[in-house]
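In our numbering, the protein residues as written are 737 to 907.
C-beta: ideal position from N, C-alpha, C; glycine also.
Scroll down for the structure; my scribbles are underneath it.
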């Protein structure tokens, strides 16, 4: 009985140590600031992510074929409308086909910039810490370009606001 208990404790300690090591490795592999990246908009004009330096950036990687991505878009639209004059910008980065995005945008009016990442999008999300290639994937970036928060999967409006409000400079 004692040997069995000791074996269980040993396995648990090994699992804990392994988990800590993986978390430490993954944290070190994540970059802490936005890289210099230029992506085209739907008209083909290139935009660097630093174009919005000085603003709190909510960068949402999404795709038209992703149901949770589509579900959270109305919340990003509302956020952009409510917070645009408070120094917040939502940026949508579509990991999708340009034609599919154009057709999708005919049915929904998005009030924030949409950039196209198509094939390079998944690699970019991995570089930014999305090691599982989950969509949607959202970053919150401070005005200086430091990544403050990474969110994997659908983002609730309430949680998003809870993260952004403390970052706002009192007017």
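- Every unbroken stretch of the alpha helix (DSSP H) spanning 4 or more residues and falling wholly within the region 799-823 is given here in chain order: 803-819.
- CA-CA distance, residue 879 to residue 772, rounds to 15 Å.
- Secondary structure in the region 820-847: the beta strand (DSSP E) runs of 3 residues or longer, each lying completely within the stretch, are 824-830 in chain order.
- Here the alpha carbons of residue 793 and residue 882 stand approximately 10 Å from one another.
- Within the DSSP bridge table, the entry for residue 796 names 828, 874 as partners.
- Three or more beta-carbon pairs separated by less than 8 Å are not found between the region 860-876 and the region 833-851, which leaves the two stretches without contact.
- In the DSSP assignment, residue 869 falls outside any alpha helix (DSSP H) and carries neither an H nor an E.
- Between the beta-carbon of residue 803 and that of residue 827 there is about 21 Å, and that puts the pair past the 8 Å contact cut.
- Ranked by Cα distance from residue 847, the first of 815, 861, 857, 901 is 815.
- In this chain, the alpha helix (DSSP H) harbouring residue 898 covers 893-900.
- Here DSSP, grouped into helix, strand and coil, assigns residue 786 to helix.
- Per the C-alpha coordinates, the member of 777, 812, 778, 857 positioned closest to residue 897 is 812.
- Considering only 876, 823, 837, 853, the residue with the shortest C-alpha distance to residue 784 is 853.
- Contact between residue 837 and residue 874 fails: their C-beta atoms lie close to 17 Å from each other, not under 8 Å.
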